[in-house]
Amino acid sequence: MAFDDQATPNDGGRKETAPEFLPKTTSAYGDPRYWDERFSAEEHYEWLKEYSHFQHLIRPYISTNYSILELGCGNSRLSERLHEEGVMDVTCIDISAIAVERMRQRLKEKGLLGIQVVEADMHDLPFESESFDIVVEKGTMIL
Ligand SMILES: C[S@@+](CC[C@H](N)C(=O)[O-])C[C@H]1O[C@@H](n2cnc3c(N)ncnc32)[C@H](O)[C@@H]1O
1 MAFDDQATPN DGGRKETAPE FLPKTTSAYG DPRYWDERFS AEEHYEWLKE YSHFQHLIRP
61 YISTNYSILE LGCGNSRLSE RLHEEGVMDV TCIDISAIAV ERMRQRLKEK GLLGIQVVEA
121 DMHDLPFESE SFDIVVEKGT MIL
C-alpha cells in the first residue's frame, strides 16, 4: 500500500497505520525485523505530524549552516523538508537496513544527494562526539 505525501487540513498529515502494518506486540516496535518488513511494503508513513505542523517550533533554532542528525528517519520526509529550506548538511540514521536502502533510493531519484543516510543504532552512534549541531527525532526515542 502506498501512502501519499499530502497533508490534509484536519488530520495533521497523519494517517492511521494500515492494519497490515500493525505489529502483533508493542515490543516489536523495538525490533529491526519489524521495521524491515514494514518498510519493504510501506512507501510513506509520517509518524505523529508532518513537518509543516511543527516547523514554527524548531526552525528558529536551526541555521542553514548547521549540521543536523535525524534519528530513526524511517520513510519520513523530514530530512527533505529541511533540505528544501536550505539546510544542506543533513544526516539520517535508521536501524532498519530496508529503510536506509529505500531512503537512499528515494533521495537519489529526487536528486537530493547531499542528505547522508546511514544504517545505525541510535544507542551506539558511529559518529564522534559533537559531530552535529542539532539532533532531531520524531517518534523514535520512545522505542
Ligand atoms: C515510529 S518510527 C518514526 C519514523 C520517522 N521518524 C517518522 O517520524 O515518520 C521509528 C523509526 O525508528 C527506527 N528505529 C527503531 N529503533 C531504532 C534504533 N535503536 N536506532 C535507530 N533507529 C531506530 C525504526 O526503524 C523507525 O524507522
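Residue 138 in UniProt numbering sits at position 138 of the sequence shown; the count goes up by one each step and never skips.
Cβ atoms here follow ideal geometry from the backbone N, Cα and C, with glycine treated the same way.
Quantities reported herein were computed from a predicted structural model and do not represent experimental measurements.
- Within the same chain, Ile93, Asp94, Ile95 and Pro126 come within 8 angstroms of alanine 120 by CB-CB distance, once the 5 residues on both sides are set aside.
- The closest CA to that of leucine 22, considering only Gly30, Ala99, Arg38 and Pro32, is found on Arg38.
- Between ligand 1 and lysine 49, a heavy atom-to-CB distance of less than 6 angstroms is absent.
- In this structure leucine 78 touches lysine 138 by the C-beta definition: roughly 6 angstroms separates them, less than 8 angstroms.
- Rounded to whole angstroms, leucine 48 and threonine 140 show a C-alpha spacing of 11 angstroms.
- Closer than 6 angstroms to some heavy atom of ligand 1: that does not describe the Cβ of leucine 69.
- Cβ-Cβ distances below 7 angstroms link asparagine 75 to Phe39, Glu42, Glu43, His44, Tyr45, Ala99, Arg102 and Met103 in the same chain, with the five nearest sequence neighbours on each side left out; the list follows chain order.
- Annotation: leucine 113 to threonine 64 spans about 17 angstroms, alpha carbon to alpha carbon.
- In the DSSP assignment, isoleucine 134 is bridged to Ile68.
- Contact check for isoleucine 134 and tyrosine 61: beta-carbon distance about 7 angstroms, within the 8 angstroms limit, so the pair qualifies.
- No heavy atom of ligand 1 is found nearer than 6 angstroms to the CB of serine 131.
- Closest by C-alpha distance to glutamate 85, out of Phe132, Gln105, Arg106 and Ile58, is Ile58.
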